[in-house]
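Scroll down for the structure; my scribbles are underneath it.
Dropping the structure here:
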């Protein structure tokens with residue numbers, strides 16, 4: 001299992017941030033970009049992700065590829081992969097990637113969270129916590145579901161879906177010691193100034209963690 005420390009509370013779930021001319025300076029100034037999921041056709045995925053990987057590694061930021069174990073293992077040498085419950089089983093992914101790559105798995109139930117721990121996952125993406133327009137047919141588990149998933153596993157957990165500055169504090173106040181942050185898309189990318197919104201979100205998350213400690 002890869003050693004993974006989720007020290008930064010915000011985790012991006014899009015590669016759009018890395019496609020902009022200002023991406024390099026934005027990563028450096030905000031110091032909060034941690035994980036990026038990428039989903040494209042093969043003809044674009046491999047060359048794009050070599051560029052993304054170079055930007056991320058220059059700032060010590062791991063790059064995870066969404067679902068595509070073959071791209072991680074054979075083509076891009078990315079830092080890890082995100083898999084869902086209907087994707088390749090974690091035990092098979094671990095056998096293919098070896099002990100040093102990061103594996104993130106989506107979990108919505110305590111049973112899935114417990115299995116993620118025993119199968120060799122590095123961390124859990126838990127949601128949808130709130131409704132979102134980013135993903136179709138996204139089942140909402142709300143804060144009680146998030147707490148249940150956190151309680152069922154020793155793994156670090158990142159809350160997913162519909163999270164922004166208005167509700168991030170409530171997420172971090174759930175009291176789970178292994179809840180390490182949130183993954184966001186529209187909370188940043190639908191705003192005029194991503195850097196400023198990211199700083200606001202970080203402040204909200206840290207305040208939520210402090211009030212809960």
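Residue numbers (UniProt numbering): 1 to 213. Quick reminder that beta carbons are idealized off the backbone N, C-alpha and C, glycines included.
Residue range of the alpha helix (DSSP H) that includes residue i
i           : result
residue 113 : 110-119
residue 64  : That residue, residue 64, is in no alpha helix (DSSP H); its beta strand (DSSP E) goes 64-66.
residue 144 : 142-151
residue 170 : 168-172
residue 95  : 90-97
Three-state class that DSSP yields for residue i in the structure shown
i           : result
residue 181 : strand
residue 80  : strand
residue 139 : coil
residue 87  : coil
residue 154 : coil
residue 193 : coil
residue 52  : helix
residue 204 : helix
residue 47  : helix
residue 129 : coil
residue 176 : coil
residue 58  : coil
Spatial distance of residue i from residue j (CA atoms)
i           : j           : result
residue 67  : residue 165 : 28 Å
residue 118 : residue 155 : 10 Å
residue 199 : residue 187 : 12 Å
residue 157 : residue 203 : 19 Å
residue 76  : residue 169 : 36 Å
residue 130 : residue 85  : 19 Å
residue 109 : residue 145 : 7 Å
residue 206 : residue 107 : 24 Å
residue 53  : residue 88  : 23 Å
residue 99  : residue 138 : 31 Å
residue 70  : residue 83  : 12 Å
residue 171 : residue 80  : 26 Å
residue 194 : residue 201 : 10 Å
residue 147 : residue 174 : 7 Å
residue 179 : residue 60  : 22 Å
7 Å Cβ cutoff met for residue i and residue j
i           : j           : result
residue 149 : residue 163 : no
residue 160 : residue 127 : yes
residue 114 : residue 152 : yes
residue 125 : residue 90  : no
residue 96  : residue 78  : no
residue 65  : residue 72  : yes
Where the beta strand (DSSP E) containing residue i begins and where it ends
i           : result
residue 159 : 157-160
residue 225 : Here the chain comprises residues numbered 1 to 213, so residue 225 is not present and cannot be evaluated.
residue 126 : 123-126
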